[in-house]
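Engineer: Chains as they are written, first to last, in my numbering: chain A, 22 to 222; chain B, 9 to 233; chain C, 543 to 921.
Cβ atoms here follow ideal geometry from the backbone N, Cα and C, with glycine treated the same way.
These numbers come from a predicted model, not from an experiment.
Sending over a structure as structure tokens; questions will come in a sec.
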Amino acid sequence: MTISSSTEQICFILLGLTVIVGALGVVLINNIVYSAFLLGGVFMGVAGLYLLLNASFVAAAQVLVYVGAVNVLILFAIMLVNKREELKPIKALQIRKILSAGVCGGLLILLFRVDLTTKWSTPGPAAIGEKATERIGEHLFSDYLLPFELASVLLLMAMIGAIVLARRDVLTSDVVTGDVVNQNLIEKSNEPILIDQSNKQ
Amino acid sequence: MNSPIAGNQMSRFFQQVAEYTRNAISAGKYLIQGLAVTFDHMGRRPITVQYPYEKLIPSERYRGRIHYEFDKCIACEVCVRVCPINLPVVDWVMNKETKKKELRNYSIDFGVCIFCGNCVEYCPTNCLSMTEEYELASFDRHSLNFDNVALGRLPTSVTTDKSVQPLREFSYLPKTIMDPHEMDPTNSRAGKLPEEVMDWMKQESESAPKDLVESINNQDKKTEK
Amino acid sequence: MTVLGTLVSTGLDLELSFNNILQGFGFSPEVAHILWLPLPMLLVLSAALIGVLVTVWLERKISAAAQQRIGPEYAGALGILQPMADGLKLLVKEDIIPAKADSLLFTLGPVLVLVPVILSWLIVPFGQNLLISNIGIGIFLWIALSSIQPIGLLMSGYASNNKYSLLGGLRAAAQSISYEIPLALAVLAVVMMSNSLSTVDIVNQQNGLGFLSWNIWRQPVGFVIFWICALAECERLPFDLPEAEEELVAGYQTEYAGMKFALFYLGSYINLVLSALLVSVLYLGGWGFPIPIEWVARIFGQNIDAPLVQIFTGSLGIVMTILKTYLLVFLAILLRWTTPRVRIDQLLDLGWKFLLPIGLVNLLFTAGLKLAFPIAFGG
Ligand code: SF4
Ligand code: SF4
Numbered sequence: 022m023t024i025s026s027s028t029e030q031i032c033f034i035l036l037g038l039t040v041i042v043g044a045l046g047v048v049l050i051n052n053i054v055y056s057a058f059l060l061g062g063v064f065m066g067v068a069g070l071y072l073l074l075n076a077s078f079v080a081a082a083q084v085l086v087y088v089g090a091v092n093v094l095i096l097f098a099i100m101l102v103n104k105r106e107e108l109k110p111i112k113a114l115q116i117r118k119i120l121s122a123g124v125c126g127g128l129l130i131l132l133f134r135v136d137l138t139t140k141w142s143t144p145g146p147a148a149i150g151e152k153a154t155e156r157i158g159e160h161l162f163s164d165y166l167l168p169f170e171l172a173s174v175l176l177l178m179a180m181i182g183a184i185v186l187a188r189r190d191v192l193t194s195d196v197v198t199g200d201v202v203n204q205n206l207i208e209k210s211n212e213p214i215l216i217d218q219s220n221k222q
Numbered sequence: 009m010n011s012p013i014a015g016n017q018m019s020r021f022f023q024q025v026a027e028y029t030r031n032a033i034s035a036g037k038y039l040i041q042g043l044a045v046t047f048d049h050m051g052r053r054p055i056t057v058q059y060p061y062e063k064l065i066p067s068e069r070y071r072g073r074i075h076y077e078f079d080k081c082i083a084c085e086v087c088v089r090v091c092p093i094n095l096p097v098v099d100w101v102m103n104k105e106t107k108k109k110e111l112r113n114y115s116i117d118f119g120v121c122i123f124c125g126n127c128v129e130y131c132p133t134n135c136l137s138m139t140e141e142y143e144l145a146s147f148d149r150h151s152l153n154f155d156n157v158a159l160g161r162l163p164t165s166v167t168t169d170k171s172v173q174p175l176r177e178f179s180y181l182p183k184t185i186m187d188p189h190e191m192d193p194t195n196s197r198a199g200k201l202p203e204e205v206m207d208w209m210k211q212e213s214e215s216a217p218k219d220l221v222e223s224i225n226n227q228d229k230k231t232e233k
Numbered sequence: 543m544t545v546l547g548t549l550v551s552t553g554l555d556l557e558l559s560f561n562n563i564l565q566g567f568g569f570s571p572e573v574a575h576i577l578w579l580p581l582p583m584l585l586v587l588s589a590a591l592i593g594v595l596v597t598v599w600l601e602r603k604i605s606a607a608a609q610q611r612i613g614p615e616y617a618g619a620l621g622i623l624q625p626m627a628d629g630l631k632l633l634v635k636e637d638i639i640p641a642k643a644d645s646l647l648f649t650l651g652p653v654l655v656l657v658p659v660i661l662s663w664l665i666v667p668f669g670q671n672l673l674i675s676n677i678g679i680g681i682f683l684w685i686a687l688s689s690i691q692p693i694g695l696l697m698s699g700y701a702s703n704n705k706y707s708l709l710g711g712l713r714a715a716a717q718s719i720s721y722e723i724p725l726a727l728a729v730l731a732v733v734m735m736s737n738s739l740s741t742v743d744i745v746n747q748q749n750g751l752g753f754l755s756w757n758i759w760r761q762p763v764g765f766v767i768f769w770i771c772a773l774a775e776c777e778r779l780p781f782d783l784p785e786a787e788e789e790l791v792a793g794y795q796t797e798y799a800g801m802k803f804a805l806f807y808l809g810s811y812i813n814l815v816l817s818a819l820l821v822s823v824l825y826l827g828g829w830g831f832p833i834p835i836e837w838v839a840r841i842f843g844q845n846i847d848a849p850l851v852q853i854f855t856g857s858l859g860i861v862m863t864i865l866k867t868y869l870l871v872f873l874a875i876l877l878r879w880t881t882p883r884v885r886i887d888q889l890l891d892l893g894w895k896f897l898l899p900i901g902l903v904n905l906l907f908t909a910g911l912k913l914a915f916p917i918a919f920g921g
């Protein structure tokens, strides 16, 4: 065994442990802020795994999208509504926990089954390394064009929804009740910052 | 959608875009103007005084630490009364035999004093005066409580201190010169020096008619009353 | 000099000779390789640190000049040792963790802020082979890594258990998320012209005709967008809301002292130098001399491949990169003393309503120009 392959193995074990322990922590830790930070750690671990697989572009995209955007937004939301409140004890929590654990365990067993029954071709196709970026681009704009576009439409919908939620002056009345929406909440100053004040007089 | 309205909207949109671009460009222009000003400042001489090595000469009316002459004081306590916070401590005893006040101690706490100069103004014997000393920093506020010995010390003058480069203050500078560094030390300040004013006054009083001088003197007396 | 020469001619030679020497001492090639690995990293770390020291000194001196002061004067000639004195002071200061703070996150925060910034130095080229790793995703790595930073800021803001810290952290996160997008768009336009994400390719594509072929002429709008966004990412003055001292004491750094504070300080200055370096790489021709070095060599009748000329061009490249970088740092400092701080809504307006649409239009325009004039805009 060469040094490089053993380094790779050590890295793999470490990253795998990070991902598993982190994921368990995300689910089991009660403090939601810790969970969110651990989620970031898990994403980083996954990015590391991609790196080990010679997929540097995917790894960087993983970091950019999941750590830099998704996780930061989660943290942002948690911290903006950082209320320390006593939650009402949920009835039959124990049973719910056991049920969800059963579902998760079942899923895990299914995954293992897939893992064991699939015939993995080892070694897999040769890594293309630096060419991966171009190859991904080609795939995105040829055979994966439809899913790609669908995903962008989905994002567009989410964005429009967010805008509608944020700018309530679009709605003059509540959608459900038909009442007039309280206009005081709307931010009054929407003036662009680059207005030249000199020609106003 | 009929075309005139669409065309209208289009032209409005383009107008807005043009306006936006113009605003952005003018903002950039202002920014460059500001940068030019800052850049211009970098070429100028520093206006700061390098304090422990250079010091400004305090002006004649500077209200610094108070000087006190023990021997002149008559323990009348006027200074205490005029002080906004009754600060000076006059420690005297009545001598029964001579029936006179005997001054034992006098102190002012400069940690509390506001250097208003009331005590100096009203002292009947002129035993209080304001010096040009302002370096009163100390590690313990109690050491700012000066007794009559400490109050009697004269401050070191900036101009005689060999380790210090004295710099003239703005009021001591010749006309149009702003920076004490770039001035020839022989230049005299803007306006007349006190002795010149004195000479001028003497000349005036000689040449002026007698009654005018008298009237001025009378006025002075009136205000004194 | 010989070391530099080998470094210039082929990047691997230095490694090879190092390995040969170690093997001469009886190490196996693999051990030699492992021993070699930390050296470039150390080099980058020290380069970053020295860059920070110089920048701190420059910042103090230039700020002083802009305000008609003298600035540090007595620590070394012209106060050159002042940043070291600062660092030393921070090193020996007491490390305080507030009683109600979350000590684990409190410690982890500054580390998370600093590490991505230093990692990004991997891709900064000082010459054809003078960089740690010419990886294919190059500039994209920097964008990805810089998006980790807000997590560290949020972490330290939250862990300090202080309202100012939390607000500072939230502001920092909001700011870097909003400015990452126009930044990436500006970079994308450059990448589109050079057909590669690698920083080395980006520089090579700019150095055909000396300074005439620098990207700043082809991407003036992109340059402005990138510079504004880089300033915002570094939290430099017009955009220093996360640590706005009049409102938030010091933002997310409020509760920090000693070495942890020094990590933030280091991070922000390394980031500034890094941004300036990347601007010079993306828009100002990186290590390229304003006149193509081949032409100069031809005028003097020198062969460009001669070892001495190689050494010369290599060192010239380093000098050019550093020169351009510090010109930009100077501009940043000048801007710091010129512009007032923007409000948070103005900041977000500028990011989302101004830079983002303009970045998109710029990208579209670049794509169109690339199709229309493939010679000038990278076929
Ligand atoms: S200077 Fe003013 S405050 Fe100070 S002792 Fe005299 S009267 Fe009191
Ligand atoms: S007013 Fe003058 S004379 Fe009277 S006690 Fe004070 S210092 Fe002495």
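Tell me whether asparagine 113(B) sits in a helix, a strand or coil according to DSSP, three-state version.
Structural biologist: strand
Engineer: Looking at the structure shown, is isoleucine 841(C) part of a helix, part of a strand, or coil, going by DSSP?
Structural biologist: helix
Engineer: Flag this pair as touching only if the stretch 50-61 of chain B and the stretch 74-86 of chain B have three or more C-beta atom pairs under 8 Å; answer yes or no.
Structural biologist: no
Engineer: I need the straight-line Cα distance from leucine 584(C) to leucine 672(C), nearest angstrom please.
Structural biologist: Using only the alpha carbons, I get a separation of about 14 Å.
Engineer: Is DSSP giving glutamine 224(A) helix, strand or coil here?
Structural biologist: Only positions 22 to 222 of chain A appear in this structure, which leaves residue 224(A) out of reach.
Engineer: Throw me the rounded Cβ distance for the glutamate 785(C) and glutamate 777(C) pair, which I believe falls under 8 Å.
Structural biologist: 6 Å
Engineer: Are phenylalanine 781(C) and glutamine 795(C) closer than 8 Å when you measure CB to CB?
Structural biologist: No; because the gap between Cβ atoms is not below 8 Å, this pair is not in contact.
Engineer: Does the Cβ of proline 132(B) lie closer than 7 Å to at least one heavy atom of ligand 2?
Structural biologist: Checking every heavy atom of ligand 2 against the Cβ of proline 132(B), one is found closer than 7 Å.
Engineer: Is the stretch 820-840 of chain C in contact with the stretch 747-755 of chain C, if contact means three or more CB pairs nearer than 8 Å?
Structural biologist: Touching, yes, given that three or more Cβ pairs across the two stretches are closer than 8 Å.
Engineer: Return the CA-CA distance between proline 692(C) and asparagine 75(A), expressed in angstroms with no decimal places.
Structural biologist: Our two residues, proline 692(C) and asparagine 75(A), have alpha carbons roughly 27 Å apart in a direct line.
Engineer: Suppose contacts are defined by Cβ-Cβ distances below 8 Å. Is arginine 602(C) in contact with glycine 618(C) by that definition?
Structural biologist: Taking 8 Å as the Cβ cut-off, arginine 602(C) and glycine 618(C) do not qualify as a contacting pair.
Engineer: With hydrogens ignored, establish whether the beta-carbon of proline 96(B) is closer than 7 Å to any heavy atom of ligand 2.
Structural biologist: Relative to the non-hydrogen atoms of ligand 2, the Cβ of proline 96(B) comes within a distance shorter than 7 Å of at least one.
Engineer: Chain B partners of tryptophan 879(C), CB-CB under 8 Å?
Structural biologist: One finds Thr46 in chain B with Cβ atoms closer than 8 Å to the Cβ of tryptophan 879(C), taken in chain order.
Engineer: Taking the beta carbon of serine 817(C) as the centre, do at least 16 other beta carbons fall within 10 Å, making it buried, or is it exposed?
Structural biologist: Buried, since its Cβ has 16 or more Cβ neighbours within 10 Å.
Engineer: Which residues in chain B sit within 8 Å of isoleucine 612(C), going by Cβ to Cβ distance?
Structural biologist: Pro54, Thr56 and Gln58
Engineer: Once DSSP output is grouped into helix, strand and coil, what is the label at serine 559(C)?
Structural biologist: helix
Engineer: Tell me where the alpha helix (DSSP H) around proline 899(C) begins and ends.
Structural biologist: Under the DSSP assignment, proline 899(C) falls in the alpha helix (DSSP H) whose first and last residues are 898-914.
Engineer: Check the Cβ of glutamate 572(C) against every Cβ in chain A and list those closer than 9 Å, keeping chain order.
Structural biologist: Thr23, Ile24 and Ser25
Engineer: Using C-beta distances below 6 Å, list every residue in its chain close to asparagine 195(B), excluding the 5 sequence neighbours before and after it, in chain order.
Structural biologist: Pro182
Engineer: Nearest by alpha-carbon distance to isoleucine 34(A): which of Phe133(A), Leu73(A), Ser121(A) and Gln83(A) is it?
Structural biologist: Leu73(A)
Engineer: Just reading off the alpha helix (DSSP H) that leucine 890(C) is part of, what are its end residues?
Structural biologist: 886-891
Engineer: Indicate, with yes or no, if ligand 1 has a heavy atom lying under 7 Å from the CB of phenylalanine 154(B).
Structural biologist: no
Engineer: Examine ligand 2 and report whether any of its heavy atoms sits within less than 7 Å of the Cβ of leucine 159(B).
Structural biologist: no
Engineer: Mark glutamate 170(A) as exposed unless 16 or more other C-beta atoms lie within 10 angstroms of its C-beta, in which case mark it buried.
Structural biologist: exposed
Engineer: Tell me whether glycine 694(C), by its Cβ, gets closer than 7 Å to a heavy atom of ligand 1.
Structural biologist: It does not: the Cβ of glycine 694(C) is nowhere closer than 7 Å to a heavy atom of ligand 1.
Engineer: Name the chain C residues whose beta carbon is nearer than 9 Å to that of methionine 100(A)?
Structural biologist: For methionine 100(A), the neighbours in chain C by C-beta distance under 9 Å run, in chain order, Leu696, Gly699, Tyr700, Leu708, Gly711, Leu712 and Ala715.
Engineer: Counting only beta-carbon atoms, is isoleucine 767(C) nearer than 8 Å to chain A?
Structural biologist: no
Engineer: Identify whether lysine 63(B) lies in helix, strand or coil by the three-state DSSP scheme.
Structural biologist: strand
Engineer: Please report the distance separating the alpha-carbon of asparagine 703(C) from that of glycine 62(A).
Structural biologist: The straight-line gap from Cα to Cα measures roughly 22 Å.
Engineer: Got a sec: does ligand 1 put a non-hydrogen atom nearer than 7 Å to the Cβ of cysteine 124(B)?
Structural biologist: yes
Engineer: Leucine 727(C) and leucine 905(C) look like a contact to me (Cβ under 8 Å); what is the Cβ gap, rounded to whole Å?
Structural biologist: At roughly 5 Å, the Cβ-Cβ gap stays under 8 Å, so leucine 727(C) and leucine 905(C) are in contact.
Engineer: Tell me, please, which residues DSSP counts as bridged to phenylalanine 803(C).
Structural biologist: DSSP, once it has assigned bridges, lists no residue as partnering phenylalanine 803(C).
Engineer: Just grab the DSSP bridge partners of valine 101(B) for me.
Structural biologist: Glu110(B)
Engineer: Pairing CB atoms from the stretch 705-725 of chain C with CB atoms from the stretch 681-696 of chain C, are three or more of them under 8 Å?
Structural biologist: Cβ pair count under 8 Å is three or more, so yes.
Engineer: Starting from the beta carbon of methionine 18(B), find every residue of chain C whose beta carbon is closer than 7 Å, and list them in chain order.
Structural biologist: Simply none; closest approach about 17 Å.
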